[in-house]
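S.K.: One line per chain: the protein sequences are A and B, in this order.
The numbering of the first sequence is the numbering used here, which starts it at 1 and goes up by one.
The numbering of the second sequence is the numbering used here, which starts it at 1 and goes up by one.
Where a beta carbon is used, it is the ideal one built from N, C-alpha and C, also for glycine.
This is the structure I want to talk about, given as structure tokens.
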Amino acid sequence: MKLYKKESNIVQILSFPNETVEKGDYLLIEDADAGKALIAQVIDVQFANIPGILEELLRNLPDGGELVQGEDFDPLEIAPHITYIQDASLLICKIRATVENENLSPSSSWLPSRSQSTIKKLPIPTLLKLAKVDGKLPIVLGGAKDSSLLTIDASSLDGRLNIITGKKETGKSHLSKLLMLNLIGYKAMVVVFDLNGEYLSLGMTVDGKRNAYYDKIHVLAPSQNFKVALKQLNLHVLLEILIHALHLPGTSAREFRRIWQSLKERDMLNLHELGEAIRNWHCNQHVRDALFSRYYALVNSGFFTDKFGEATFLEECLFKANEQGGAIIVNLRNTSLIDRQIVVEYLLGKFVELLTNWKLKAVFLFAEEAHLYLRETYWDDIVTRMRHFGIFTTFITNQPDTIRENIYRQADNIFLFNFTNEHDLEVVSRAARVDAETVKSIARDLPPHHCLTLGKVVRDFPMVVKVKALDVKTMGETRLFFKE
Amino acid sequence: MDTTLPQRLIELSIHSLKHVQNQPFQLNQQTIQQSNGFNPQALQLKIQPIPLRPKHEEIIVAAVDTSSMKIGETTTGTLIAIRGANVWKQNKNYRYIRLGPFIFHITEENKKEVYKTLQRAYFNTPHEQNHLNSPNLQQMPTRMANLLERWLQTMLSKTINNGLILFDGSLTSGTPDTPISLMKEILEIARKRGNIVLAFSKMTNLRFNGHLITDVLPRHKPPYMLETADLKPKPPIVLLGDVYVARLTKGNYAFRLDIDKEISFERSIQAVEKLLGNDLLSQSYPETLRLAHILCTFTANEVIAMQHFIASKYSLKIINRPDMHRLLFGPFGKGEGNS
């Protein structure tokens, strides 16, 4: 390999056919005289612009597009040299860092010698060592490009905002399960908003046996084993539900507040009394109608109960998970849009309450397709305010444009699977932790189950990893009609 | 097939390159130039066109071309490459045999030996030209390519029956690289096997009334030919062909066409008509000959590959001798090749 050009933080390297370099590989451009080296990542592989190549190709196809048949008597065997030159490639590489005395700096302000520099592939383990991507809480993501293992540290997910995105069937949920199970292994508390019921059987192996996580996976099915008594609710949580999920107007909300306080003073907070209070409350008929319609929405959701005994499972699970580590899977599969919003509003309010009181240490929240249940105003809340309370969110989506640009800008880690759509890549490339060229060029060619890992987990050295297989029952498969 | 010449070419190539090992060499700064010499002469041009009708009677059309290239300089000489191609059209398909590239390191010391050895290998018997001085270093690429071209022409003449053989250039002989006896021999062999040689010149210096003969085109629907007369070259130059101007397709392209003198006028005309019926013609030029040219021409890519071959196999260190034109005249110096 030979250094050809450097423009800004992009270097172009001439590579020959016997040197196998692919997109995503890291190269070390070492200038021994300067005592420094550049670490550059290949973001594109192109044909080198060889003089005369067009003529070479054209003359082989002059006969109406068909190859002219013939024999070549090439005694000096020049043909392999011609092929060698023709197949030379140009590696477009992004400079990621400079190494000097085994220390990394993000500088790319110096120019290595074009004639004297040596260029070689930088093995991922060496890079990880240089970048100090290690720690006491390893999570093996899978195999890197050179077949070595890519291990990140669980603490690099702690207090962070993460995004897992990619088009359908590329392995997003698989990676989120892997991260989740590893966090549980380190006694973290994980909450999953499971939209498709994919996480329900994580406590089972592929062949249906109980695995090591069995006792740590707690599945909450709203309206079934997960119900809430009005007494457990804070007024502001219920008002959030009424205003944001059920769109209760402001005037009616004020009346509801009075009704609630009246019932609370009389220790009569239950569904039946709430209904009666609305019926008998002195207020405008329109307000009453508005309150009644929301009241019945709450009742019909089945999520609220007057039996206190039915409403204890959540806290039990939370405290168990808080002590021993565990996952609370909120199964939103068979829940309507309104009910989903009610459940999510309640849970987020509950978490904030428990975290504020230090009853919980921290929650790793995994939110699949969050736009389907998270109200607009919550996005900023989650990435700013709630993070300070200890809710560390991982968004998982196959529609990157459903996540706002400011979320991408604040994301600490992005796990990017394949996207072919330009628009999708454009959205993701707005992430602050990586340049747009890297995202667009590498993500477009990622095979299934391969993920471009960006951000703090890899110390801002984007790495392609084949996510390792998990021995858990995934249940993420789509139901098919034409299935044998 | 007589393989004497290619065998000799390989031996000489390897032998000459061995003597250049570990020497620095200067990349050739000149652009690819393929030379073709002409003698300006006055002649008569019969303005009455000879109309042509394509004859579709199936025959083989074959063509020869060679190419030479200076690929660099060493401290003692130059590195040159030559390559040749025979192309033929049979049963509506084009096929080719391509020989080379052969790379030589030519120095003042070995140029005579190289050239004479090849001449001997080709001529078999002593020839009058063998006694001539060997060419100078600048002429060597063209002269070496000419030797290969004559050999390829002979091979085609010996192997094809009742076909058309297309040469690149004219049937002028008596020049250092085209001895009269040699060209006569090639044409005679071709005739004996029922072949007719047609030589197309891409450029000509022949003028009629001060104009190039290929520019004096009557308003007549092509294809047609114009006959020339009274063309008397000065000795030792001899014309072994009758010279025509051939405008074979629409458009204003016409070429000087030499047809073996020993072939009757009628057969000559028929030969061109058969060419029209058997080969593709574009811009008045036969596709077979175009392919031969394309196949043997060196592309820049191949030049780099040959330089790579020499550097890797013979450990040559590539150096850049400063271009004196650029050095002295800066942006006004257009390079030595364009001086």
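1) What residue range is occupied by the uninterrupted alpha helix (DSSP H) comprising B:Ile237?
2) With three or more C-beta pairs closer than 8 Å as the rule, is the segment 151 to 161 of chain B touching the segment 54 to 72 of chain B?
3) Starting from A:Ile92, find everything on chain B with Cβ-Cβ shorter than 7 Å and list it in chain order.
4) Does DSSP put A:Cys93 in a helix, in a strand, or in coil?
5) Measure the Cβ-Cβ separation of A:Asn300 and A:Asp194 and say whether it is below 8 Å.
6) Determine whether the Cβ of B:Ser201 lies closer than 8 Å to any Cβ atom of chain C.
7) So A:Arg96 and A:Ala40 are supposed to be a Cβ contact under 8 Å. How far apart are they, rounded?
8) Looking only at C-alpha atoms, which of B:Phe255, B:Lys232 and B:Met225 sits nearest to B:Leu212?
9) On a CA-only basis, which of B:Met306, B:Val272 and B:Asn278 is nearest B:Ile50? Give me that one, please.
10) Within the continuous beta strand (DSSP E) that includes A:Leu332, where are the two ends?
11) Rounded to whole angstroms, what is the Cα-Cα separation between B:Lys92 and B:Thr288?
12) Interface residues of chain A around B:Thr214 at Cβ under 9 Å?
13) Is B:His131 helix, strand or coil by DSSP?
14) Can you confirm whether A:Phe193, when its beta carbon is compared against all beta carbons of chain B, has any partner nearer than 8 Å?
15) Can you tell me whether B:Asn177 is helix, strand or coil according to DSSP?
16) In the DSSP assignment, what residue or residues form a beta bridge with A:Phe415?
17) Excluding sequence positions up to five away, which residues of its chain have a Cβ less than 7 Å from the Cβ of B:Val114?
18) Between the segment 219 to 228 of chain A and the segment 254 to 267 of chain A, do three or more beta carbon pairs fall short of 8 Å?
19) May I ask which residues mark the beginning and end of the alpha helix (DSSP H) holding A:His174?
20) Name, in chain order, the residues that DSSP records as bridge partners for A:Met204.
21) Taking only beta-carbon atoms, is B:Glu302 less than 8 Å away from chain A?
22) Would a C-beta distance cut-off of 8 Å place A:Phe351 and A:Ala370 closer than the cut-off?
23) Assuming contact is defined by CB atoms lying nearer than 8 Å, are A:Val191 and A:Leu365 in contact in what I supplied?
24) At which residues does the alpha helix (DSSP H) containing A:Gly197 begin and terminate?
25) Would you kindly check if the distance between the Cβ of A:Ser293 and the Cβ of A:Ala277 is under 8 Å?
26) Reducing DSSP to helix, strand and coil, say where A:Val287 ends up.
27) Given A:Phe226, which residues of its chain have a CB within under 7 Å of its CB, disregarding the five upstream and five downstream residues?
28) My assumption, with CB atoms under 8 Å, is that A:Glu55 sits in contact with B:Thr299. Please give the rounded CB distance.
29) Taking A:Tyr296 as the reference, give the member of A:Lys307, A:Gly309 and A:Leu274 with the closest Cα.
30) Run through chain A and tell me which residues come within less than 7 Å of B:Pro286, C-beta to C-beta.
31) The beta strand (DSSP E) spanning B:Trp88 covers which residue range?
32) When the Cβ atoms of the segment 22 to 35 of chain A are set against those of the segment 105 to 113 of chain A, are three or more pairs found closer than 8 Å?
33) Buried or exposed for B:Asn130, going by 16 or more other Cβ atoms inside 10 Å?
34) If I follow the unbroken beta strand (DSSP E) through A:Ile391, where does it start and stop?
35) Could you check whether A:Glu240 and A:Glu353 sit closer than 8 Å to each other, using their CB atoms as the reference points?
36) Is the segment 217 to 231 of chain B touching the segment 179 to 191 of chain B in the sense that three or more CB pairs, one from each, lie closer than 8 Å?
M.R.: Reading it off the structure:
1) That residue, B:Ile237, is in no alpha helix (DSSP H); it is neither H nor E in DSSP.
2) yes
3) Going along chain B, no residue has its Cβ under 7 Å from A:Ile92, so there is no contact; the nearest lies around 21 Å.
4) strand
5) no
6) The structure shown contains no chain C; its protein chains are A and B.
7) 6 Å
8) Of the candidates B:Phe255, B:Lys232 and B:Met225, the one whose C-alpha sits nearest the C-alpha of B:Leu212 is B:Phe255.
9) For B:Ile50, the closest of B:Met306, B:Val272 and B:Asn278 by C-alpha to C-alpha distance is B:Val272.
10) Here A:Leu332 belongs to no beta strand (DSSP E), and DSSP marks it neither H nor E.
11) 11 Å
12) Counting only Cβ-Cβ distances below 9 Å, B:Thr214 has no contacts in chain A at all, with the closest Cβ about 24 Å away.
13) Here B:His131 scores only 48 on pLDDT, less than 50, and its place in the model should not be relied on; the value that follows carries that caveat. Three-state result, B:His131: helix.
14) no
15) It is worth fixing the name first, because residue 177 of chain B is Asp in this sequence and not Asn. The answer is coil: DSSP assigns B:Asp177 none of H, G, I, E or B.
16) A:Ile164 and A:Thr453
17) Leu12, Ser16, Phe104 and Ile106
18) No, the segment 219 to 228 of chain A is not in contact with the segment 254 to 267 of chain A.
19) Lys172 to Gly185
20) A:Met204 pairs with A:Arg210.
21) yes
22) In this structure, A:Ala370 does not lie closer than 8 Å to A:Phe351 by Cβ.
23) yes
24) Taken as a continuous stretch (DSSP letters only), A:Gly197 belongs to no alpha helix (DSSP H), as it is neither H nor E.
25) no
26) helix
27) Leu220, Phe313 and Leu314
28) 4 Å
29) Nearest of A:Lys307, A:Gly309 and A:Leu274 to A:Tyr296, Cα basis: A:Leu274.
30) Those do not exist, as B:Pro286 stays about 13 Å from chain A at its closest Cβ, beyond 7 Å.
31) Gly77 to Gln90
32) With a cut-off of 8 Å, the segment 105 to 113 of chain A and the segment 22 to 35 of chain A count as touching, because enough Cβ pairs lie within range.
33) Because B:Asn130 carries a pLDDT of 48, less than 50, the predicted location of this residue cannot be relied on, and no value is offered for it.
34) Ile391 to Thr397
35) No, the Cβ-Cβ distance between A:Glu353 and A:Glu240 is not below 8 Å.
36) no
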